[in-house]
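Written below as structure tokens is the structure these notes are about.
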Amino acid sequence: MNKMQYNNFNNNLNLNKKFLKMDEEIVFSFERVHEIFGNSRRTCALWIATKINGPIIWIRPNWFSDQLFPDGIISWVNPGRLITISIGSSNDILWAAEEALRSGISKLVVLEVTTHPTLKSVRRLNLAAEIGRKERDNHALCLMLTSQNGGVQGAESRWSMSMQHTARETMWKLECIKSRHTPPSTWKLESNLKKTTVRK
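Sequence positions in the sequence shown follow the numbering used here and run 91 to 290.
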């Protein structure tokens with residue numbers, strides 16, 4: 091996408107319900123899988139959740155020792171919105187995400203994976219999201235959090251988020267590795283108790 095194409099896309103963004111706009115340049119398309127990796131991938135998902143209403147379905151392996159605690163996420167979203175599903179196999183995690191998207195009951199489905207799914211699996215998730223939209227007229231976003239350094243085939247976009255905290259500031263580095271709608275770039279996210287600010 092060249093600069094003129096990007097500007098035309100950005101100008102029409104607010105007229106199109108198919109996209110979630112986090113910032114002037116940071117854009118996510120609904121009914122698609124977006125990959126996020128890095129040591130703050132969960133924080134990135136919570137930040138995105140602040141722009142979406144309704145329940146959040148979060149699917150993760152049951153062998154993960156760390157948990158999403160209400161006190162830790164309340165500065166981002168109301169913990170009451172979170173529906174957490176812990177599952178014992180990688181294939182079942184993908185199946186659960188597919189069913190959640192197909193149901194159309196949530197605008198945000200997050201799944202944590204330890205290995206990269208196949209291209210076929212990603213396409214099935216995209217198709218399930220499209221079916222869910224038709225069933226309930228509900229645009230859904232699918233975020234796939236990977237513990238590796240990115241590379242999921244078929245992902246609409248790929249992002250990395252990592253901590254850059256200082257003694258005085260709570261800060262993260264967000265990087266767009268690839269996207270059809272956001273030029274590759276890097277941003278700083280600064281957070282306090284009231285809001286999160288995005289800057290170059």
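Idealized CB from N, CA, C, for every residue including glycine.
**Prompt:** So does the region 215-230 actually touch the region 250-260, counting three or more Cβ pairs closer than 8 Å?
**Reply:** With a cut-off of 8 Å, the region 250-260 and the region 215-230 do not count as touching, because too few Cβ pairs lie within range.
**Classification of E246 by the beta-carbon crowding that lies within 10 angstroms, buried from 16 upward** = Here residue 246 corresponds to residue number 156 of the sequence shown, with the count starting at 1. A residue is called buried once 16 or more other Cβ atoms fall within 10 Å of its Cβ, and E246 is buried on that count.
**Item:** Cα-Cα separation between E265 and W277, rounded to whole angstroms
**Value:** For the purposes of this step, residue 265 is taken as residue 175 along the sequence shown, with counting starting at 1. For the purposes of this step, residue 277 is taken as residue 187 along the sequence shown, with counting starting at 1. Taking the straight line joining both Cα atoms gives about 6 Å.
**Prompt:** To which residues does DSSP link L201 through a beta bridge?
**Reply:** Within the sequence shown, the letter at position 111 stands for residue 201. In DSSP, L201 forms a bridge with I149, M234.
**Item:** For E202 and P151, believed in contact at Cβ under 8 Å, the rounded distance
**Value:** If you number the sequence shown from 1, residue 151 lands on position 61. If you number the sequence shown from 1, residue 202 lands on position 112. A Cβ-Cβ distance of about 7 Å is found for the pair P151 and E202, placing them in contact under the 8 Å criterion.
**Prompt:** Applying the criterion that 16 or more other CB atoms from any shown protein chain within 10 Å of the CB defines a buried residue, is K197 buried or exposed?
**Reply:** As a working mapping, residue 197 is identified with position 107 in the sequence shown. By the C-beta density criterion, K197 is buried, having at least 16 other C-beta atoms within 10 angstroms.
**Prompt:** Taking the Cβ atom as the reference point for each residue, do A187 and C232 lie within a distance shorter than 9 Å?
**Reply:** Your numbering for residue 187 matches position 97 in the sequence shown. Your numbering for residue 232 matches position 142 in the sequence shown. A contact, by the Cβ cut-off of 9 Å.
**Item:** Proximity of N172 and W148 at Cβ, strictly below 9 Å
**Value:** Along the sequence shown, read from residue 1 onward, the residue named residue 172 stands at position 82. Along the sequence shown, read from residue 1 onward, the residue named residue 148 stands at position 58. Note on identity: in this sequence residue 172 is Leu, with Asn being the wrong assignment. Yes; because the gap between Cβ atoms is below 9 Å, this pair is in contact.
**Asked** How many Å lie between H124 and T236 at the Cα?
**Response** Within the sequence shown, residue 124 is the residue found at index 34, counting from 1. Within the sequence shown, residue 236 is the residue found at index 146, counting from 1. The straight-line gap from Cα to Cα measures roughly 10 Å.
**Asked** Per DSSP, M251 is paired with what?
**Response** The sequence position of residue 251 within the sequence shown is 161, counting from 1. According to DSSP, M251 bridges with L264.
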